[in-house]
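Asker:
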Amino acid sequence: MTSSSRDLRAQLRKTIVKVRGRLVGTGFFVAPATVLTCAHVAADAEPGTLGIWIGREWYAAELRFARPQPLPPDRIAAFPDLAVLQVAAAPADHACVWLGERWPDDDAGLHAYGFERLYTDELVESTRMYRAAGETTIRGGLALRFLGDEADEGMSGSPLLDGTTGEVCAMVKSARQRGTERGGVGIVLADALRELPVELRNEIRRAHDRWHADKGVWTRILQDLTGARESDRARRGLRDDDRPLLRISARTALFGALAGLPAPVSALAEARAMLPDLLPGDTADEAQDISDYRDVVRYLDTASQGRRGELHPLPDFLRQLVARYGDSHRDAAGTLWNTAEIIAQERGERPLLGSRPSPGGRGTAHRSVIVKVASYGNDLSRYQLSFAFDEDGTEVSRELEQAPLSEQALWGRARERLSVFLDELGAQSDVIVRFLLTGRLLRECDQRFEDWQLWAGTPWRLGERHPVVVGALEPFGPEGLLDPVTMRAAERERAARWTALHRATTALPTANARCVDNGSAEIRDNPETWDTWYGSQVAADALVLLQARPRDEPAWLALAAGVLNGLAIAFWPREDCDDASRCGSIGRCSGANFQRDLASELDGTLADAIPGRSIKIRRKRRVDGRPGLVFFWNKPTQPFRYVTPEDLPVARHEVVPLDRGLDESVPASREPH
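Okay, so the sequence shown: first residue is -14 according to the numbering used here, each after it adds one.
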């Protein structure tokens, strides 16, 4: 046995736990506080009994996923027979396995470590040796057949380590089949994990990648194994067209960095937009196989992907990610750029890579489709619709609807044109959709922008594919548009607050704004108290979580006063509290629960990364059965401009329309902003 093999087995032993569910079996940490085991072990457990033992210490666990569930009457679990446990208060020093992403080769040596009671009445730690023996079918899926030692009671859920690759490729499901040698069948993790919801699978893999990038123990062992395999390959004169470009240490660091970037809505669509014709199609299976940035890297990480005279697509992909996240995620972008440089240098393509791209400012260079809805002159029942692009803070007008629109016709037209402009910018999930509304519409509009469905034949809603935000077209108060002097002051304050948020290098603290008066000074339902409350917040403390939608007082007063005081960011739920009349009495408050959940979702998020996080929050709330989440994002890109009556295709008016801007020194534009 080599020293690398001994070290791997020692690491594997540190990952296993004894699982108590419906049965008692084995599990293993795949990421911090996350344990994998068999569904037939953990599913259908009695309430309050699910948990794990590490040594003699007991830790309660929550079942995040199990399939099948419930188990069939004969207790023979169908594919994938997989359960995911979240362990409460898991010890910080536990190890995590290195997840394999393919089947083991036939006759590959497999090492299992788990718990069994072959010779005793109690479950005790045990090690087993097997060899891979192909595949077999068990109730709807393929399973790995292995031969060798016993796979006794208690070993279900034990990790199977591939001695050739050093990866955990499978877990033990059950004992041998009748009429065969000793051994058993296992569930190959590459197949089983594909059965998880995409968000959960990516969450686990990102946590797994961060752990290994941070710890590095398993990486150092795998380097020795990889080096030995490459030397053997060279001695045998094998071609290296399909060899990976990334060494194991570089891949570990890169995957850890990618795990620190915002999760893409569609990694496949983004990669195809960056690298046309190089990625597979967009079928359901392909979208599942390439659901995160790490999957794109795995697909591109072969020498054969390159074309003579062109930059290899992998450093090209990394370069484009650096351009997108270079300032908002500086450490991760540094790792991405270093990796791209190493690959390009080794392939003689360094001049093709060029210099490191710069986003040109602090934070993510957001790209936006802006939907502006202005009052049509003095006619408050009709509106003027316009569209613009915002790229790196430069706003470019694209389309102005000449005819006035009723509110009913307005939103149908907005849906129709919005899909066209989104297609024009590509499918990237970092494209923000910004609705800039008048104060009255912001206060009274019932449109659920985030729930719009623009793509026929797909289940995606707008807010689950793009950050969807609403903002104020002009500074406003509870009674409508402000006077010009107050408007200028409000705009200066708003811009100053945004600058502070934009430059912040730490996550925003949240400010909870409750919706009724229960005696606390900051929640009384009058604008003067709200003004005082906002004024007491520090410049960067501008993320407000409202308990109820700001349509009815006093929640509306909270938003209005916030806009006047430079509020840049706020979230609120579409649905009102369950029973506002009971607020302050004994019982659960849905608004308070919403604030707590949302604050935890935004924990550790910088201001510029919040739009991307809004996609994940909306998708999670829909899964939780609580659709509808409004995200207010009042990012100023340029000063408001005056819009005079002459600029509108209506007869002259003697008063300034409600969407008039701030700076009288700026000449009027013929395309109102």
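Cβ atoms here follow ideal geometry from the backbone N, Cα and C, with glycine treated the same way.
Am I right that G142 and V26 are in contact with their C-beta atoms under 8 Å? What's the rounded C-beta distance?
Answerer: That pair is a contact at about 5 Å.
Asker: With DSSP as the reference, label F616 as helix, strand or coil.
Answerer: strand
Asker: Should A441 go down as buried or exposed, given a rule of 16 or more other Cβ atoms within 10 Å for buried?
Answerer: Burial call: exposed.
Asker: I'd like to check one pair, K601 with A248: are the Cβ atoms closer than 8 Å?
Answerer: The answer is yes: Cβ separation under 8 Å.
Asker: For A492, I'd like the list of residues in its chain whose CB is within less than 8 Å of its CB, leaving aside the five on either flank, ordered along the chain.
Answerer: L587, D588, G589, T590 and L591
Asker: Starting from the Cα of G597, find the closest Cα among I233, L210 and S251 and give me that residue.
Answerer: Among I233, L210 and S251, the Cα nearest to that of G597 is on S251.
Asker: Give the DSSP-derived three-state secondary structure of V2 in the structure shown.
Answerer: Under the three-state reduction of DSSP output, V2 falls in the strand class.
Asker: To the nearest angstrom, how far is it from the Cα of T471 to the Cα of A238?
Answerer: Rounded to whole angstroms, T471 and A238 show a C-alpha spacing of 52 Å.
Asker: Once DSSP output is grouped into helix, strand and coil, what is the label at A46?
Answerer: Looking at A46 - three-state DSSP - the assignment turns out to be strand.
Asker: I need the boundaries of the alpha helix (DSSP H) containing D134, first residue and last residue.
Answerer: Segment: none, D134 is in no alpha helix (DSSP H) and carries neither H nor E.
Asker: Check P634 in the structure and name its three-state DSSP category.
Answerer: Because the pLDDT at P634 is just 35, under 50, the model does not fix this residue reliably, and the value given afterwards should be weighed accordingly. Here P634 sits in coil by DSSP.
Asker: Got a sec? Which residues, its chain only, sit under 6 Å from D(-8) by beta carbon, not counting five neighbours each side?
Answerer: I206
Asker: Are the CB atoms of A136 and G85 nearer to each other than 8 Å?
Answerer: Cβ distance not < 8 Å, so A136 and G85 don't count as in contact.
Asker: Expressed to the nearest angstrom, what Euclidean distance is found between the alpha-carbon atoms of L132 and D91?
Answerer: Answer to the nearest angstrom: the Cα atoms are 11 Å apart.
Asker: For A565, does the three-state DSSP call read helix, strand or coil?
Answerer: With a pLDDT of 48 at A565, under the threshold of 50, the modelled position of that residue is not reliable, and the figure given next carries that caveat. Residue state, collapsed to three classes: helix.
Asker: Quick one: what's got a C-beta closer than 8 Å to R604's C-beta in the same chain, skipping five residues either side?
Answerer: Excluding positions up to five away in sequence, the list reads E184 and E449.
Asker: Within its chain, find whatever has a CB closer than 8 Å to the CB of I37; leave out the 5 residues flanking it on each side and keep chain order.
Answerer: V2, K3, V4, R5, G12, V20, W43, Y44, A46, L70 and V72
Asker: My output table needs one value for P76: the three-state DSSP class, helix, strand or coil.
Answerer: Coil at P76, not helix or strand.
Asker: Closest to R191 by CA distance: which of H314, P17 and L253 is it?
Answerer: P17
Asker: Where S(-10) and P65 are concerned, what is the direct C-alpha to C-alpha distance, given to the nearest angstrom?
Answerer: 29 Å
Asker: Evaluate L365 with the Cβ neighbour count: other Cβ atoms within 10 Å of its Cβ, from every protein chain shown; 16 or more gives buried, anything less gives exposed.
Answerer: It is exposed - the Cβ of L365 has fewer than 16 other Cβ atoms within 10 Å.
Asker: What residue does the beta strand (DSSP E) around S353 start on, and which one ends it?
Answerer: R352 to Y361
Asker: Leaving out five residues on either side along the sequence, give the residues of the same chain with a beta carbon under 7 Å from the beta carbon of R130.
Answerer: A118, G119, E120, T121 and V170
Asker: Rank L439, L427, H297 and S234 by C-alpha distance to the C-alpha of E326 and give the top, closest one.
Answerer: H297
Asker: Among A93, E392 and R113, whose alpha-carbon lies nearest the alpha-carbon of F100?
Answerer: R113
Asker: What distance in whole Å lies between the Cβ atoms of A498 and L530, which are believed to be in contact at a cut-off of 8 Å?
Answerer: 7 Å
Asker: Candidates N323, V453, R341 and E476: which alpha carbon is nearest P460's?
Answerer: E476
Asker: Name the one or two DSSP bridge partners that P144 has.
Answerer: M156
Asker: In this structure, what does DSSP give as the bridge partners for A498?
Answerer: L531
Asker: Quick one: is R655 buried, meaning 16 or more other Cβ sit within 10 Å of its Cβ, or exposed?
Answerer: Note that R655 has pLDDT 28, beneath the 50 cutoff, so the model's placement of it is unreliable and the number below is only indicative. Exposed.
Asker: Apply the 10 Å Cβ neighbour rule to G345 and answer buried if 16 or more other Cβ atoms are within range, or exposed otherwise.
Answerer: Confidence at G345 is low in this model, with a pLDDT of 41, below 50, so its placement is unreliable and no value can be given for it.
Asker: By how many angstroms is the C-alpha of E295 removed from the C-alpha of M259?
Answerer: 15 Å
Asker: Would you mind working out which of D431, W83 and E384 sits nearest P558, comparing C-alpha positions?
Answerer: D431
Asker: Could you name the residues of the same chain whose beta carbon sits closer than 6 Å to that of G241, not counting the 5 residues immediately before and after it, in chain order?
Answerer: D194, R195 and A198
Asker: Round the Cβ separation of E478 and G551 to the nearest angstrom and send it over; I've been treating them as touching at under 8 Å.
Answerer: 4 Å
Asker: Which residue from V358, S404 and L385 puts its Cα closest to that of L395?
Answerer: V358
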